[in-house]
Amino acid sequence: MTLRIGNASGFYGDRFDAMREMLTGGELDVLTGDYLAELTMLILGRDRLKDPGAGYARTFLRQLEECIALAHERGVRIVTNAGGLNPAGLADAVGRLAERLGIPVRVAHVAGDDLTAAYPGSLAAHAYLGGFGITECLRAGADVVVTGRVTDAALVTGPAAAHFGWTPQDHDRLAGAVVAGHVLECGAQATGGNYAFFRDGDARRPGFPLAELHEDGSCVITKHPGTGGFVDVGTVTAQLLYETAGARYAGPDVTARLDTVRLSQDGPDRVRIEGVRGEAPPPTLKVGLNRLGGFRNEVVFVLTGLDIEAKAALVRDQLEPALGKVADVRWELARTDRPDAPTEETASALLRLVVRDPDQGAVGRALSGAAVELALASYPGFHVLAPPGKGSPYGVFEDVYVPHGSVDHVAVLHDGRRIPVPPAHDTAVLDAVPQPPLPEPPEPGPTRRAPLGLVAGARSGDKGGNANVGVWARTDEAWRWLAHELTADRFRDLIPESRELTVLRHALPNLRALNFVVEGILGPGVAAQHRFDPQAKALGEWLRSRHLEIPEALL
7 MTLRIGNASG
17 FYGDRFDAMR
27 EMLTGGELDV
37 LTGDYLAELT
47 MLILGRDRLK
57 DPGAGYARTF
67 LRQLEECIAL
77 AHERGVRIVT
87 NAGGLNPAGL
97 ADAVGRLAER
107 LGIPVRVAHV
117 AGDDLTAAYP
127 GSLAAHAYLG
137 GFGITECLRA
147 GADVVVTGRV
157 TDAALVTGPA
167 AAHFGWTPQD
177 HDRLAGAVVA
187 GHVLECGAQA
197 TGGNYAFFRD
207 GDARRPGFPL
217 AELHEDGSCV
227 ITKHPGTGGF
237 VDVGTVTAQL
247 LYETAGARYA
257 GPDVTARLDT
267 VRLSQDGPDR
277 VRIEGVRGEA
287 PPPTLKVGLN
297 RLGGFRNEVV
307 FVLTGLDIEA
317 KAALVRDQLE
327 PALGKVADVR
337 WELARTDRPD
347 APTEETASAL
357 LRLVVRDPDQ
367 GAVGRALSGA
377 AVELALASYP
387 GFHVLAPPGK
397 GSPYGVFEDV
407 YVPHGSVDHV
417 AVLHDGRRIP
427 VPPAHDTAVL
437 DAVPQPPLPE
447 PPEPGPTRRA
457 PLGLVAGARS
467 GDKGGNANVG
477 VWARTDEAWR
487 WLAHELTADR
497 FRDLIPESRE
507 LTVLRHALPN
517 LRALNFVVEG
527 ILGPGVAAQH
537 RFDPQAKALG
547 EWLRSRHLEI
557 PEALL
């Protein structure tokens, strides 16, 4: 008995046509859509300030208008976290849409994640719920289930538990579903999108992934026939490492042991996942807090031709008086210029100024005026990419933890009944997993200085103020070298901005992978735009571009 679960969205703004593509491209039992991220919750919170009836992903409603008849005809149930901050509001809107179109659809939703009232000063505070609220809705016959802030994997664990009759004590089965859900949650990232070795296949328009999930928790990751992209052990490994940390991947339903995951190619565009072990979930739930942190402004000065460093120093000196009282001032000079360049653009460097302050006035017109007044009185060739504005609000994300029992997790069925979802009874405090044994290092031999990316893939992402970089080898021989060469200290050498930060290394030998967590590199989170790449999406690609001594036998 196989449950086919597909995904049609990895973020709010993903490919609009994906829902129709997934419903028409092949067989499905359940179609999920992940619309939420830390930044999305802040955006929806600001929407709700303007309109109390807002707070959900409106894109989903427009997609459903085109596709709800298709889903009904094909018997595909839809499960989505597009409810955001207002799942009841979106469920009502879906019900009205179905009634207007004359389609008999039963709509349910999951409530209880909103803890904003308990955290004064927060714009949005939401607990990450598990999948058993979704399970209750589906068992009661819902065709569409709308949630707020559940874990991304809950969109798969919920339907799987409903279909197979799993209980909260089925830790290994639930852990397998968590791993499947984590692979699906980011859509095309599992089918060749954002993939280090994208040239291995046709990545121009990757299809969206689906999981053929089995009763024992194992699954096969694949995609509909004829869709673009590709699914192989590498694409699945990359997504497994994305935004994770150590061997224990904790959630409200179960803690999945990533060090037990076994991958194998099961045919073209098919990867089998098996062997996943699960443990009781931790005794607390994560709560994501979003609040306004102040105001931010930015200006990028273009420096062209000769004397780049001197030009940068001049403009910094000229703006110093206007920046004296600003709480946070950051300058970054990007030397994108080349000597004797054939175009003006390639002869230019970029000097980026970012300012933040609780007072909008400090980073608004005071800065804008000072920068604009330099137009005829600064370095030769003065111009900026865009004039600075009046300063815009930015958000800060942090996470706190609360006991399971402090959250009223409720399944609100299509007929209005409210079914309480009990908290996890079996829990276990998360302990660090002992470092696994590493393979024997390779025999000494000739080496050549070359980019790490010639022998290793990487994928990186954000979790609050931290970033993770998963690095994996594609062969056993490369893994023997990587496991011993790429230590936390070597990582710091290769990524200089991490040298003063805590860098934790986790080894996952089954995946021939290392996962690095860099604490604090993103400051107060993506919404604050603390660095050039605020979500650390390209941190792994920067690491792959760094040169080190690599055995010639691997090159």
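Each residue of the sequence shown is one higher than the last, beginning at 7 in my numbering.
Built from N, CA and C at the ideal position, the CB exists for glycine as well.
Bear in mind that the values here come from a model prediction, so they are computed numbers and not experimental data.
Given this structure, state the Cα-to-Cα distance separating residue i from residue j, to the nearest angstrom.
| i | j | result |
| --- | --- | --- |
| L436 | A355 | 47 angstroms |
| I11 | V162 | 7 angstroms |
| G90 | L42 | 7 angstroms |
| D499 | H132 | 38 angstroms |
| T243 | V416 | 34 angstroms |
| W478 | P447 | 16 angstroms |
| N472 | S504 | 11 angstroms |
| I527 | F22 | 33 angstroms |
| A519 | V427 | 37 angstroms |
| E547 | L554 | 15 angstroms |
| A160 | P288 | 16 angstroms |
| D346 | L312 | 10 angstroms |
| P457 | D98 | 53 angstroms |
| Y125 | V293 | 10 angstroms |
| R454 | F497 | 19 angstroms |
| Q541 | G108 | 43 angstroms |
| V523 | R511 | 7 angstroms |
| D259 | T508 | 29 angstroms |
| I556 | E491 | 9 angstroms |
Where does residue i land, buried or exposed, given buried means 16+ other C-beta within 10 angstroms?
| i | result |
| --- | --- |
| Q441 | exposed |
| H431 | exposed |
| D482 | exposed |
| Y18 | buried |
| G179 | Here residue 179 turns out to be Arg, not Gly, going by the sequence shown. Result: buried. |
| E79 | exposed |
| Q175 | exposed |
| E44 | buried |
May I ask you to report which of helix, strand or coil DSSP gives residue i?
| i | result |
| --- | --- |
| Q541 | coil |
| S128 | coil |
| N516 | helix |
| L42 | coil |
| A209 | coil |
| I501 | coil |
| H553 | strand |
| T65 | helix |
| S466 | strand |
| I109 | coil |
| T493 | coil |
| K56 | helix |
| F22 | coil |
| I49 | helix |
| F522 | strand |
| Q195 | helix |
| H177 | helix |
| I140 | helix |
| G235 | coil |
| L91 | coil |
| K292 | strand |
| A99 | helix |
| F170 | helix |
| L219 | strand |
For residue i versus residue j, is the C-beta spacing smaller than 8 angstroms?
| i | j | result |
| --- | --- | --- |
| V85 | P165 | yes |
| T228 | V237 | yes |
| P530 | G171 | no |
| C225 | G182 | yes |
| L129 | N13 | no |
| G467 | E249 | yes |
| R96 | R26 | Correcting the residue identity first, residue 96 is Leu in this sequence and not Arg. No, the pair does not count as a contact, with Cβ atoms beyond the cut-off. |
| D35 | L67 | no |
| V390 | E304 | no |
| A438 | G252 | yes |
| Q271 | V189 | no |
| A88 | G39 | yes |
| V369 | F307 | no |
| A377 | L444 | no |
| I74 | L103 | yes |
| A533 | G397 | no |
| G155 | M47 | The displayed chain sequence assigns Arg, not Gly, to residue 155. Cβ atoms of R155 and M47: closer than 8 angstroms. |
| R550 | A462 | yes |
| P364 | A383 | no |
At the 8 angstroms Cβ level, is residue i part of the contact set with chain D, yes or no?
| i | result |
| --- | --- |
| P327 | Among the chains of the structure shown, chain D does not appear; only one protein chain is present. |
Minimum length 3: unbroken beta strand (DSSP E) runs contained in the stretch 332-388: If we require 3 residues or more, the beta strand (DSSP E) runs fully inside the stretch 332-388 come out as 334-340, 354-363.
Contiguous beta strand (DSSP E) assignments of at least 3 residues, all confined to the stretch 407-436: If we require 3 residues or more, the beta strand (DSSP E) runs fully inside the stretch 407-436 come out as 416-418, 424-426.
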